[in-house]
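*Asks:* Residue numbers (this note's numbering): 368 to 833.
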C-alpha cells in the first residue's frame, strides 16, 4: 500500500503533465485546488475537490486525461475517482502572494514600471478591454463560482450552462467576466464569431437598423454569432419592442446551439419583464457575484497597483482595502489618484500619511443617497462657469470641452452608470466619447497638479451635496 508521501509525489507529477497540456486559467481553476486522497486496493486513484461543481466538471472533461497521465507516471492502469473533500485547497489561496500568504508581509511592495501583459489578441473590432482576461481576474470566495462557470462556458461555448446569467452589484466584475469569455474564445476558437455589447448598444443597433430600413442586417449580425455576450441586460426593462427582438435572437441562437452569456445587477426573477423572458434567463446557469471580502479587495488592489506601475508600502494597500467600498471601480479610481499624486510630487513610494490625504474625499462616511450625474454636472458648471446647455451641447471650444470631460470622468468614478448611460446624460454622446474623456483626464491628472486639485475639490463638494 503506497504511503501518503508517495501518493502526493505521484499526483504532483500528474499535475505537471496536465499543466503542460492546458492553458493557465483552465489549470488554475480545475486542478490547482485538488488533493490526492488514496489509492484503493482495486486500483482506483481517489482525488478530492472542494465542491460538486468541480467534481462534475473534472469527471466530465478530464477523467480520461488524468487516467492517461497516471499511467504515464506509474506504468500501470489506474482509474480515477473524483470526490468532494472539504479539506482540499481553499479558493482563498488564489489570492495569495508569492510567499503563499493572503497578505504580503513585506515592508514595501515594489511594482513593475510597465503594465501587465495580457495573453491573447484582442478581437479584430477591439470590442474587448485588454485587462479583462481570466488571468487578470482576482478570485476569492465571493466570485469563484461565477468565474469558474464563465471559464467553463469559454472552454465549451454553447455546450454547457447555456445561457450563463451572471448577476451582482455594480463594480464587482460582471463585465470583466463577460469580456474574459470573449478574449478566451477569440484566442482559442478564432473561427467563432463573438459579439460583446451592452443592452444599450443592442437597442441602438436595432433603432438604427429601423431608421436605415436594414432590419435584416441587424438580424443577420446577431443571429450569426457563435457567442453573444450582453451586459446590463436589465436595461431592456420597459422596452417592449427591443425585448421582442432580443427574444427572437435568443431563441434562434439557442436552437442552433450557440452560446449566450448575460450580465445584470439583479437575478432574473427581479427583472421587470414578462415571465417568458425570465424563464429563459433562468433555464441555464445563474451565477452571482458577492461583494469581495477584505482579502480579495487587498489582492485586487495589489494587482492593480502592479499593472499601473504604482509603488506603495504594504500598509497603504491594507488601509485602502479596509476603508474601500466593495465597488472595484472605486478602488481602482483611488489607486489612480494615488499614482497621479506621486507623479506630480516626484515621490517614488506612496506612504500612509500621503494616501490618507489623497483619498479622504473618495471614502468619507457613506452617503445616504446615491450620487447623480445631474449633481456632478451642476457642480462642474458652477466651478468652471459654464451653462448646462453648453456642457451637454455640441460646442468644441476648450473652455467647454475640459469641464465636460471632467464631469464625464467623475460620472464614471462616482456613479454606477455604464458608459452608454453616462454618454446619454451628456447630450446623447457615444460611449467611446466617455472613454476618451476618462483617459484624457487620467493623463492630465498625472501631469498637472491643478487638475488633481480640481477633481478633489469637486468630489468633496459633490459628496457633501449628496
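Beta carbons: idealized from backbone N, C-alpha and C, even for Gly.
(1) Across which residues does DSSP place residue 531 in a beta bridge pair?
(2) If residue 656 and residue 525 are in contact, beta carbons under 8 Å, what's the gap, nearest whole angstrom?
(3) Among 817, 745, 726 and 703, which residue has its Cα nearest to the Cα of residue 805?
(4) Considering residue 770, what are the terminal residues of the beta strand (DSSP E) in which it resides?
(5) Between residue 416 and residue 381, how many whole angstroms is the CB-CB distance? I'm expecting something under 8 Å.
(6) Leaving out five residues on either side along the sequence, give the residues of the same chain with a beta carbon under 6 Å from the beta carbon of residue 538.
(7) Closest to residue 534 by CA distance: which of 573, 826, 510 and 549 is it?
(8) I need the DSSP call for residue 417, collapsed to helix, strand or coil.
(9) Which same chain residues end up closer than 7 Å to residue 419 when comparing Cβ atoms and leaving out the 5 residues on each side of it in sequence?
(10) Given that a residue counts as buried once 16 or more other Cβ atoms are within 10 Å of its Cβ, and exposed if not, what is residue 714?
(11) Taking the alpha carbon of residue 796 as the reference point, which residue from 758, 832 and 700 has its own alpha carbon closest?
(12) Would you check if the stretch 738-749 and the stretch 720-728 touch, i.e. whether three or more CB-CB distances between them fall below 8 Å?
(13) What does the alpha-carbon distance come out to for the pair residue 629 and residue 562?
(14) Let me know the secondary structure DSSP gives residue 565 once reduced to three states.
(15) Thinking residue 627 and residue 652 are a contact (beta carbons under 8 Å), I'd like their distance in whole angstroms, please.
(16) To the nearest angstrom, how far is the alpha carbon of residue 612 from that of residue 650?
(17) Using three-state DSSP, classify residue 512 as helix, strand or coil.
(18) Would you call residue 337 buried or exposed, if buried means 16 or more other Cβ atoms sit within 10 Å of its Cβ?
(19) What does DSSP give as the partner residue(s) for residue 412 in the beta ladder?
(20) Thinking just about the alpha-carbon of each residue, which of 566, 521, 422 and 496 is nearest to the one in residue 598?
(21) Note down the Cα distance separating residue 772 from residue 384, rounded to an integer number of angstroms.
(22) I'd like the list of long-range same chain contacts for residue 686, defined as Cβ closer than 8 Å, with 5 residues on each side in sequence excluded.
*Replies:* The relevant details are as follows:
(1) One-based indexing of the chain shown puts residue 531 at position 164. DSSP, once it has assigned bridges, lists 628 and 652 as partnering residue 531.
(2) Mapped onto the chain shown, residue 656 falls at position 289. Mapped onto the chain shown, residue 525 falls at position 158. Wrong, their Cβ atoms sit about 23 Å apart, outside the cutoff.
(3) The sequence position of residue 805 within the chain shown is 438, counting from 1. Closest option to residue 805, Cα to Cα, is 703.
(4) Taking the first residue of the chain shown as 1, we reach residue 770 at position 403. Looking at the DSSP string, residue 770 is not in any beta strand (DSSP E); the run it does join, the alpha helix (DSSP H), is 765-781.
(5) Translated into positions along the chain shown, residue 416 becomes position 49. Translated into positions along the chain shown, residue 381 becomes position 14. Actually they are not in contact, since the Cβ atoms of residue 416 and residue 381 sit about 14 Å apart, beyond 8 Å.
(6) For the purposes of this step, residue 538 is taken as residue 171 along the chain shown, with counting starting at 1. The residues are 694, 695 and 696.
(7) For the purposes of this step, residue 534 is taken as the residue at position 167 of the chain shown. Residue 510 is the option with its Cα nearest to residue 534.
(8) The count along the chain shown starts at 1 and reaches residue 417 at position 50. Note: residue 417 maps to coil in three-state DSSP.
(9) Position 52 of the chain shown holds residue 419. Contacts found: 451.
(10) As a first step, residue 714 must be located in the chain shown, where it is residue number 347. So residue 714 counts as exposed.
(11) Taking the chain shown and counting its residues from 1, one reaches residue 796 at position 429. The candidate whose alpha carbon is nearest that of residue 796 is 758.
(12) no
(13) Taking the chain shown and counting its residues from 1, one reaches residue 629 at position 262. Taking the chain shown and counting its residues from 1, one reaches residue 562 at position 195. Each residue's alpha carbon lies about 12 Å from the other.
(14) Position 198 of the chain shown, counted from the start, is the residue given in the question as residue 565. Three-state DSSP puts residue 565 in a strand.
(15) Along the chain shown, read from residue 1 onward, the residue named residue 627 stands at position 260. Along the chain shown, read from residue 1 onward, the residue named residue 652 stands at position 285. Contact doesn't hold; Cβ gap of about 11 Å is too wide.
(16) As a first step, residue 612 must be located in the chain shown, where it is residue number 245. As a first step, residue 650 must be located in the chain shown, where it is residue number 283. Near 19 Å, if we compare the C-alpha coordinates of residue 650 and residue 612.
(17) Walking along the chain shown from the start, residue 512 turns up at place 145. Helix.
(18) No information on residue 337 is available, as it lies outside the stretch 368 to 833 that the chain covers here.
(19) In the chain shown, the residue the question calls residue 412 occupies position 45. Per DSSP, 406 and 447.
(20) Within the chain shown, numbered from 1, the residue matching residue 598 stands at position 231. Cα-wise, what sits closest to residue 598 is 566.
(21) Residue mapping note: residue 772 aligns to position 405 of the chain shown, counting from 1. Residue mapping note: residue 384 aligns to position 17 of the chain shown, counting from 1. If you take the alpha carbons of residue 772 and residue 384, they lie about 52 Å apart.
(22) Residue numbering aside, residue 686 sits at position 319 when the chain shown is read from its first letter. Contacts found: 719, 722 and 723.
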